[in-house]
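The opening residue of the sequence shown carries number 1 in full-length UniProt numbering; numbering runs sequentially from there. In what follows, a single structure is set out as C-alpha cells and then discussed.
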Amino acid sequence: MKLLVTGGAGFIGTNFIRYWLQHNSDDAIVNFDRLTYAGNLSNLTDIAETHYPKRYRFVHGDILDFALVESILKKECPDVIVNFAAESHNSRAILHPRRFFETNVMGTQVLLDASRKYGVQRFHHISTCEVYGELPLDSPDRFSETAPYRPQTPYNASKAAADHLVNAYFHSFGMPITISNCANNYGPYQHPEKLIPLFATNAIQNIPLTLYRSSHNRREWLHVEDHCRAIAAVLEYGKIGETYNVGSGVEKSIEEISDFILDILDKPQHLKTYVPDRPGHDCRYLLDSSKIARDVGWKPIIAFEDGMRETIRWYVENWKWWQEIQQKVDSEMVQEDKWER
Ligand code: NAD
C-alpha cells in the first residue's frame, strides 16, 4: 500500500511516518509538506537516508496548490491520504487567523477534490477535540462523536469547518472518508512553542515557565505513539463515513503539567510565573472515546507518567534539535510581518 501523508514534517506526521514504516514493511509513504516554521525535514533524515530510503519520499509543496497535488496523485497513485497538514497553534491563530482558514479549510478542500478526481481509496482526516468547544471544569460530561460542534477560537473554527467539509464530501459524493478527533498529544519532535516542550525546554535552561492565570484549566493528554496506533487502527478497521474520538481519559491541569516537569527535572517551583489569559482560552476538553474502543479495538497503552518521563528525557537528550528551532523562531520573530496579511 502507498500512503500520501500531508504535513509529515510536523510533530504528529513525523511520528506517524516513523511508526507506519516500522510496522508495515511492504508499504511506502510520500510525505507532502510545505515546510512552514512548524515543519522540520531533519526529523526524518534517518528514515530517508538510512532506514527506509526506498519506501519514503519527500515532496515539498503546499496543499493549497491544486495543480501540484493533482500531479502527485497522478504520479504516485496513493491508495490512502492521511491529512495532518495544518496551521496548528492556537496562539498564532489569535494573531493571524487568515492563514489558518486557508490551509486548514481550503487546503483540505483541494485535497478532497483531487482525491475524488483520482479515486483515492481512503481519505483520513486528522482533527482535534477542540472542535466541540469547552466543558465546564466541574462537568461530569464528555464529548462523544455526536456532540454539537462549538469551536471558540479561530484555530478550532478552522478545524471544525474542515471536518464539516470532509463529512460533506462523504454525504454528497460518497467519498471514502474517515475522521479522527484527538485529545492533546505529547511526545518527541513537538515544536518547542507547544506547552509540554516549551515548559520542558524552559525548565532545562532555568528560564521561567509562564502559566496563564487560568492554569487550573485542564486538558486530556495522549502520547503521540498511542495516537499513531489509533490512526492505524482506524485505517484498518474504521468504517467509511465515520468519526472517531481518540483520547486517553487522563486529564491534567496546566499547573499539574508544570509541576510534573519541574519535578522530573528536579527544578525549583519558583520557576513558575503567571500572566493574563489568552483570549478564548478554553477551560477543558474531555472526550468519550468508547466508540473507537468498541468498534475499532483501540485503547491507549502508554501510561501518562511513563510517557511524560520518556518525553522529557527525549528533550533533555535532543537539546540540539530544539535549540536550532528556537534560533530559527527568534530570527523569524524579527520578520513577524511574514505572518501579517
Ligand atoms: P504541526 O504544526 O507540528 O505540523 C503541521 C505540519 O503541516 C508542518 O510540517 C507544516 O509544515 C505542514 N503544513 C502547514 N501548512 C501546510 C500547507 N499549506 N501545505 C502543506 N503542509 C503544510 O502540527 P501537529 O501538532 O503535528 O498536528 C498535526 C495535525 O493534528 C493537525 O491537523 C492538528 O490540527 C491535529 N491535531 C493536533 C493535536 C496536537 O496535540 N498536536 C491534537 C489533535 C489534533
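C-beta: ideal position from N, C-alpha, C; glycine also. Since this is a predicted model, take the numbers as computed values, not measurements.
Which of helix, strand or coil DSSP assigns to residue i
i, result
"residue 251", "strand"
"residue 321", "helix"
"residue 33", "strand"
"residue 17", "helix"
"residue 118", "coil"
"residue 244", "strand"
"residue 43", "helix"
"residue 153", "coil"
"residue 197", "helix"
Cβ neighbour criterion (16 or more within 10 Å) applied to residue i
i, result
"residue 91", "exposed"
"residue 234", "buried"
"residue 40", "buried"
"residue 163", "buried"
"residue 218", "buried"
"residue 285", "buried"
"residue 148", "exposed"
"residue 229", "buried"
"residue 297", "exposed"
"residue 172", "exposed"
"residue 273", "exposed"
"residue 137", "exposed"
"residue 150", "exposed"
"residue 341", "For residue 341, the predicted structure reports a pLDDT of 36, less than 50, and the residue's modelled location is therefore unreliable. The matter cannot be settled from this model."
Contact test: residue i Cβ vs the ligand NAD heavy atom, cutoff 8 Å
i, result
"residue 191", "yes"
"residue 12", "yes"
"residue 332", "no"
"residue 153", "no"
"residue 40", "yes"
"residue 34", "yes"
"residue 93", "no"
"residue 281", "no"
"residue 63", "yes"
"residue 101", "no"
"residue 104", "yes"
"residue 29", "no"
"residue 128", "yes"
"residue 87", "yes"
"residue 77", "no"
"residue 84", "yes"
"residue 194", "yes"
"residue 249", "no"
"residue 318", "no"
"residue 6", "yes"
"residue 184", "yes"
"residue 232", "no"
"residue 200", "no"
"residue 157", "no"
"residue 307", "no"
"residue 107", "yes"
"residue 114", "no"
"residue 48", "no"
In DSSP terms, what residue i is bridged to
i, result
"residue 177", "123"
"residue 221", "184"
"residue 60", "33"
"residue 272", "209"
"residue 302", "Residue 302 is not bridged to any residue."
"residue 2", "28"
"residue 287", "143"
"residue 81", "4 and 123"
"residue 128", "182"
Distance cut-off 8 Å: residue i Cβ against heavy atoms of the ligand PLP
i, result
"residue 160", "The ligand PLP is not among the ligands present in this structure, which contains only the ligand NAD."
- Three or more C-beta pairs below 8 Å linking the region 58-70 and the region 136-144: no
- Message: Could you check whether the region 27-37 touches the region 47-63, counting it as contact only if at least three pairs of C-beta atoms, one from each stretch, sit closer than 8 Å?
- Response: yes
- Okay, do the region 196-206 and the region 261-275 touch, 3+ Cβ pairs below 8 Å being the bar? yes
- Please determine if the region 179-187 and the region 242-259 are in contact, where contact requires at least 3 C-beta pairs separated by less than 8 Å. yes
- Query: Pairing CB atoms from the region 67-77 with CB atoms from the region 33-49, are three or more of them under 8 Å?
  - Reply: no
- Message: Any contact between the region 116-129 and the region 80-89? By contact I mean 3 or more CB pairs, one from each, below 8 Å.
- Response: yes
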